[in-house]
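Asker:
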Amino acid sequence: MTRLEGRVAIVTGAGQGLGLGIAAALADAGASVALLGRTPKKVDDAAAELTANGHDVISIGCDVADRDAVDSAVAETKARFGRIDILVNNAQGGTLGTSTPTVELTDDEVLEFFRTGPLGSLHLMQAAFPSLRDSPHAVVVNFGSGIGVRGAEQMAAYAMAKEAIGGLTKSTAIEWGKHGIRVNLVCPAAWSPGAEAYRDEDPARFEQVVRRIPLRRFGDPYDDIGRAVVALVGDDLHYLTGATLMLDGGQVLLR
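For the record, in the sequence shown the residue sitting at position 166 is 1611 according to our numbering, with numbers rising by one throughout.
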């Protein structure tokens, strides 16, 4: 596919799982991609894999909670590719895959979710804004969660952070629309290291979660989520902004 040929994307949390699947799908569609991740070896290995398949990508070690590191990563992307058209804020830190009763949550646990989720997304959006404003195809895709939409027992910190990303998405979609920048939110139910940790912590509970998904499975990072992101950032959906897309097999039905 060449539907994104000539466009440049940044994908955070791109060293594995969902982020890698999205980066691969964007690259397969013709985009040049900067893979950002907190663990340099992971993004280096991911970039090497995509480069071996003939794709134009770079890897950048970057903790999205560190504003200076984000500014540097965006500048490096612009210097390498000359432009930025697509920003995918997939990164999310915190104690993913574990459950903590609300009464036992510490400030540090909650703040880690917020530093790496809403604040990390904000950092990237602010740093990339001048380049996005200059692009005729500017799109930001932020990542929420069905848990933020519907809530979940013993996952208050994660739910709070993901709902904050939703607020950031809607407010910025309104504010940046005049610049032609689209901003949307994706809430996936996809296989990832976090999902694997969740399964290993309590297999019985994990099976209950799967049974509550109408399609009876978690999504594939490339086929189910990555390809949907390609559609979302392409020209076919160029009138969609401020929307929440539940890419979760029907697990959460919005009214």
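From the three backbone atoms N, C-alpha and C, an ideal C-beta is built for every residue, glycine too.
Figure out for me which residue from 1649, 1699, 1503 and 1564 has the closest Cα to the Cα of residue 1595.
Answerer: Residue 1595 has its Cα closest to that of 1699, out of 1649, 1699, 1503 and 1564.
Asker: Would you kindly work out how many angstroms separate the C-alpha atoms of residue 1618 and residue 1501, rounded to a whole number?
Answerer: 29 Å
Asker: May I ask whether a heavy atom of the ligand COA can be found less than 7 Å away from the beta carbon of residue 1624?
Answerer: The ligand COA is not among the ligands present in this structure, which contains no ligands whatsoever.
Asker: In the DSSP assignment, what are the bridge partners of residue 1588?
Answerer: 1631
Asker: If contacts are defined as beta-carbon pairs under 8 Å, then residue 1518 and residue 1577 qualify, I think. What distance do you get, rounded to the angstrom?
Answerer: With a Cβ gap of about 15 Å, residue 1518 and residue 1577 do not count as contacting.
Asker: Within its chain, find whatever has a CB closer than 6 Å to the CB of residue 1602; leave out the 5 residues flanking it on each side and keep chain order.
Answerer: 1550, 1554, 1555 and 1558
Asker: Using CA atoms only, rank isn't needed, just tell me which of 1546, 1634, 1616 and 1622 is closest to residue 1599.
Answerer: Considering only alpha carbons, the answer is 1546.
Asker: Throw me the rounded Cβ distance for the residue 1586 and residue 1629 pair, which I believe falls under 8 Å.
Answerer: 6 Å
Asker: Which same chain residues, not among the five before or five after residue 1485, have their C-beta less than 7 Å away from its C-beta?
Answerer: 1506
Asker: Could you pull out every residue in the same chain whose Cβ sits closer than 6 Å to the Cβ of residue 1611, ignoring the five residues on either side in sequence?
Answerer: 1589 and 1630
Asker: What does DSSP give as the partner residue(s) for residue 1480 in the beta ladder?
Answerer: BP columns for residue 1480 point to 1456 and 1504.
Asker: In whole angstroms, give me the CA-to-CA distance for residue 1488 and residue 1548.
Answerer: 36 Å
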